[in-house]
Amino acid sequence: MLEHFREQKTLLTNAVEQLITLAEAGGNRFAVDLLTESLARVASETFTLVVMGEFKRGKSTLINALVGTRILPTAIVPLTAIPTFIRYGTEPQATVVFLDGRSEKVPVGAIVQYVTEKENPRNIKKVREVEVIYPAPFLAEGIILVDTPGVGSAYTHNTEAAYGYLPRADAALFVISVDAPLGKGELDYLRDIRHHVHKLIFVLNKIDIVNPHDLAEALDFTRRMLQEQLQTQDILLVPLSARLALEGKEQNDAERLKTSQMTELENLINDLIRRQKGALIISATASRALRILNELELGLEIWRRGMEDSLEELERKIAAFEAELAHLEQEREDSIYLLYREVDKLAARVAEDMEAFERRVFPQLAGQLEEFIEENYPRHSVKETAGLAHDYIKRIILGVLEEQREREKEIMQQEFARVAGRFFQRIEDIVDRLMAASAEIFQVEVHKTAYKDYILGDRYFYFHFYEHPTFIPAFEELTVASLLPKALLKKHILTKTRASLAELLNRNCGRVRADLVESLKEKVRQVAGELRLRSDAVAFSLKTALQKALEEKKASVAEQEKSRAKCEEEKQKLSILRQNLEGLLKLENN
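Take the sequence shown: its letters are residues 1 to 590, numbered as in UniProt numbering.
Dropping the structure here:
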C-alpha cells in the first residue's frame, strides 16, 4: 500500500513541477508560488503514530523494530520517562527540549541520559521532550513515531505525560503483552484515549514466548475483553514479537522477521497512511493544480480569440473584462476584511475562555495550596515551608495551564479550519465567476474542476505555538519576626502564598492567552496572503493573455504564426498534464 502511495505522490509531484515550468514561462509568479507551496505541503505532510500502553509491554522495543535499529533504550524496570519523537532525516541526530524552552543537540546514543527514569529520575533535568532524526525507510513518507511513558507505572508523572500526547495522534498503537492479562488501569486508559485518537491498532506483543495454542487463547480473550469494554466489534488486533522483528531486521534474517509477524502490522499502518492522509492530500493538491491549469488554458484560448478579433473589438472586450475584474477584486478585499473580523472574534473568545478559566481554577488551587501548607508547616521551618510552597505553586500552575492551553489550541484548530475553509470557498467562487465572465466575453469554453478543501498543514491546520518558558519568579523569602507565635506565622505564610498564587496564575494565564492570540493572528495573515495570491494568479493569467494579444496584433504575419505555433505547443502540454491530474483524482476517488 505504501508503494502505491509513493507512486501516486511521484506522479503528482512530476505533474505539478511541469505545470510550474509552464507558469514560469508565462511569467505568472502568482501561480508559481501557489503550486510551489502545494508541493511543499505534499512533501511535508506527516502522519503521527503514537505508541501507547502500560509500562513494560515492549513499546520501545516495538518502535526500535519499526525503525530497524536500537534507537530507544530498553530494560526490565519501568524505563521511558520522557516522550520521544522519531522522524525521518538523512543524518542521525537528537535534540533535547527543556521545560524552560531551551534545546540542546546531543548524540542519538546519549538520549538515555534524558528519557529514562534511571538517568533522569522524576524528570529532575526538566526535559519536555526529545526529538530524534533518523534515516529509517519506515519514516521516509512522513511518519512520526512517538514513544510515550508507560501508563500505570509507579511514577504518576509518566502517566500524565502519556495522556498529554493523545490529541497529537493520527493513529495509536496500543501495546498489550501476551504474558499479562488486560488490567483495570489499561482498560480505563483505553476508554479515555478512544475519544482522542482517530484510529486505534492493538498490538499483542511477545508472541514468541507462548505456543500456538496459548497464543490463540490469548488473542481470543484479548479481543473479547476489548470488544466488551469498548462496546464495539471493530477491533484491530495484531499479534507480533517486537523482539524477533528487531533481531530479524538487524541480522537481515528473513525467517525471524517472518515469524515475528511484523509485516502484517507495517502493511496495516501503510494502508492507514494512504487512506487517511495520502488520498486526501493527493486529491486536494491535484484539484488545486487542475484549477490553475484551467486558468492557464483559458488564458491561451482568450489570446487565440483576441488574435481573431479586430483591434477595436479586442479593446472593447478588454474594457469589459477589466470592469468585471475590478468588481470581483473588491469582493475579494471585502471577504478578506470579513475574515479578519472572524478571527478577531476567535481571539476574543480565547481571552474570555482564559479569564473564565482563571476565575474557576483559582479557588481550587488555593484550596490545594492551603492543604499543602497545613501538611508541611508542622514538619518544616518557615523558610523551608516558603520554599516548598514556591515549588508547589509552580507545579500546580504548570499542570493546569498545560491542560488548558492544549484544550484551547484544539478548539482554535477546529474553529480556524472551519473559518479558513469557508473563505477559501468564497475566493474560489470569485475566481470561477471571473473565469465564467471572461469565457462569456470572449465566447470560449472553460474547463471546470470541483473545489476541494485545501490542505492547510497537518490535519488541515496546525498551529506552531511559540514555546516561551512559563515565567514564575523566585518566591519571596518570608522574613518575619522570629518572636511571632507560630499560628500567626502560618497565617502569614498562607496569606503571602495565596497572593503569590493569584499573581502568578494571572501572569501565566495572560502569557498563554497572548501566545494563542498571536499564533492565531499570524496564521490569518498567512491565509489572507494566500487568498490574494489565489485570485491574483487567475487575474494575471488572463490580463497577460489580453495584453499579449493586443501587442501581437501589431506584429508581422510571420511572428503571429510563430506565436500561434507556440500556443498550440503549450496547449498540448497542458492537455497531457490534465490527463495525468484527472487520472490521479479518479484513482483517489475510487
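Beta carbons: idealized from backbone N, C-alpha and C, even for Gly.
task: Reducing DSSP to helix, strand and coil, say where Thr95 ends up.
output: DSSP places Thr95 in strand when its eight states are reduced to three.
- request: Return helix, strand or coil for Ala180, following the three-state DSSP convention.
  value: Under the three-state reduction of DSSP output, Ala180 falls in the coil class, being neither helix nor strand.
task: Measure the alpha-carbon distance for Val419 versus Leu272 and round it to whole angstroms.
output: One C-alpha to the other measures close to 28 Å.
The stretch 231 to 245 in contact with the stretch 181 to 188 per 3-pair CB rule at 8 Å: Short answer: they don't touch.
task: List the endpoints of the continuous alpha helix (DSSP H) containing Ile282.
output: Per DSSP, Ile282 is one residue of the alpha helix (DSSP H) stretching across 279 to 308.
- prompt: Are the stretch 300 to 320 and the stretch 43 to 53 touching by the rule of at least three beta carbon pairs closer than 8 Å?
  reply: The stretch 300 to 320 makes no contact with the stretch 43 to 53: fewer than 3 CB pairs, one atom from each, lie closer than 8 Å.
field: Inter-residue spacing [alpha-carbon to alpha-carbon] between Arg223 and Asp253
entry: Computed Cα separation, rounded: 30 Å.
- request: Locate the beta strand (DSSP E) running through Leu49, then write down its first and last residues.
  value: DSSP places Leu49 in the uninterrupted beta strand (DSSP E) bounded by 47 to 52.
query: What's the gap between the Cα of Val115 and the Cα of Leu505?
result: Their Cα atoms are separated by approximately 29 Å.
query: If you check the beta carbons only, do Ala112 and Glu119 fall under 7 Å apart?
result: Checking the sequence shown, residue 112 turns out to be Val, not Ala. A contact, by the Cβ cut-off of 7 Å.
message: If I follow the unbroken alpha helix (DSSP H) through Val444, where does it start and stop?
response: Per DSSP, Val444 belongs to no alpha helix (DSSP H) and is neither H nor E.
Reference Glu403; option with closest CA among Ile124, Glu358, Thr385, Phe540: The shortest C-alpha separation from Glu403 is found at Glu358.
message: I'd like the list of long-range same chain contacts for Phe174, defined as Cβ closer than 8 Å, with 5 residues on each side in sequence excluded.
response: Only residues of its own chain outside the window of five on either side were considered, and among them Met52, Gly53, Leu190, Ile193, Leu200, Ile201, Phe202, Val203 have a CB closer than 8 Å to the CB of Phe174, listed in chain order.
message: Please state the DSSP three-state secondary structure of Ile206.
response: Checking the displayed sequence, the identity of residue 206 turns out to be Lys instead of Ile. Secondary structure of Lys206 (DSSP, three-state): coil.
Contact the stretch 277 to 288 vs the stretch 421 to 437: 3+ CB pairs below 8 Å: As far as the Cβ criterion goes, the stretch 277 to 288 does not touch the stretch 421 to 437, which means the pair count is below three.
- request: Compute the beta-carbon to beta-carbon distance between Ser563 and Glu552, rounded to the nearest angstrom, for a pair I have assumed lies under 8 Å.
  value: 6 Å between Cβ atoms; contact.
field: Alpha carbon of Val96 to alpha carbon of Pro149, nearest angstrom
entry: Distance between the alpha carbons of Val96 and Pro149 is about 16 Å.
query: Which residues in the same chain as Thr156 place their Cβ atom closer than 8 Å to its Cβ, once the five residues preceding and following it in sequence are excluded?
result: Residue placement at Thr156 is poorly supported in this model, since its pLDDT is 38, which falls under 50; the coordinates still yield a value, given next. None.
- request: Report back the beta-carbon spacing between Cys567 and Met354 to the nearest angstrom; my notes put them in contact at under 8 Å.
  value: Between Met354 and Cys567 the Cβ distance is about 58 Å, and since that is not below 8 Å, they are no contact.
task: Given a cut-off of 7 Å, decide if Thr90 and Val130 are closer than it, judged by their beta-carbon atoms.
output: Going by C-beta atoms, Val130 is not nearer than 7 Å to Thr90.
query: Does the separation of the CB atoms of Gly306 and Ala549 fall below 7 Å?
result: Yes, the pair counts as a contact, with Cβ atoms nearer than the cut-off.
Among Thr449, Glu415, Ser575, Ile82, the one whose alpha carbon lies nearest that of Val431: The shortest C-alpha to C-alpha distance from Val431 to any of Thr449, Glu415, Ser575, Ile82 is the one to Thr449.
field: Straight-line gap, Phe6 to Ile282 (C-alpha atoms, nearest Å)
entry: This sequence places Arg at residue 6; Phe is not what is there. Between the alpha carbons of Arg6 and Ile282 lies a distance of about 11 Å.
message: Applying the 10 Å Cβ sphere with the 16-neighbour rule, what's the burial state of residue 591?
response: Not covered by the structure: residue 591. The range shown for the chain is 1 to 590.
- prompt: Based on Cα-Cα distance, which residue from Val557, Ala348, Arg379, Thr69 lies nearest to residue 595?
  reply: Here the chain covers residues 1 to 590 and nothing more, so residue 595 does not appear.
task: Could you tell me the distance, in whole angstroms, from the CA atom of Ile63 to the CA atom of Val127?
output: Taking the straight line joining both Cα atoms gives about 21 Å.
field: Closest Cα partner of Glu374 within the set Thr495, Asn28, Arg532
entry: The shortest C-alpha separation from Glu374 is found at Thr495.
message: Taking 6 Å as the limit between beta carbons, can you name the residues of its chain near Arg288, skipping five residues before and five after?
response: When the five nearest sequence neighbours on each side are left out, the beta carbons in the same chain lying within less than 6 Å of the beta carbon of Arg288 are those of Ser38, in order along the chain.
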